[in-house]
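All remarks here apply to the structure that follows.
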Amino acid sequence: MQAQIDPDYFDRLIDEKEAANYLCYSVRALQNWRVRGGGPMFVKVSGRSVRYTRRDLQKWIAEKRVANTSAAPS
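Put into structure tokens, the structure is as follows:
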């Protein structure tokens, strides 16, 4: 029997702490990427409040995959 996954699981908005845990990075790393670029897409909800979707986090992870060190960006 397979476990049921909530259909909204990948599209539900999560806060930066949950996003950092999902990626195994620090909240500070996410904050730096938002300023400097290079991080996952995010939603600016208001003022300083941001959210992420797991779908965007998964997409960002997929874009970082490489087959070998020669294929890695320098």
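Start counting the sequence shown at 0; every next residue gets the next number (numbering that gives the first Met the number 0).
Virtual Cβ for every residue (Gly too), placed ideally from N, Cα, C.
For residue i versus residue j, is the C-beta distance shorter than 8 Å?
i	j	result
R64	F9	no
V44	R50	yes
Y24	L56	no
Counting C-beta neighbours from all protein chains within 10 Å, is the total for residue i 16 or more, i.e. buried, or is it exposed?
i	result
A18	buried
P39	buried
T68	exposed
E62	exposed
What first and last residue would you give for the beta strand (DSSP E) that runs through residue i?
i	result
Y51	S48 to T52
V42	V42 to S45
Just curious, the alpha helix (DSSP H) that residue i is in, first and last residue?
i	result
V34	V26 to R35
N20	E15 to L22
Quick one: does the C-beta of residue i sit closer than 7 Å to a heavy atom of the ligand ADP?
i	result
W59	Because no ligand of any kind appears in the structure shown, any question about the ligand ADP cannot be addressed here.
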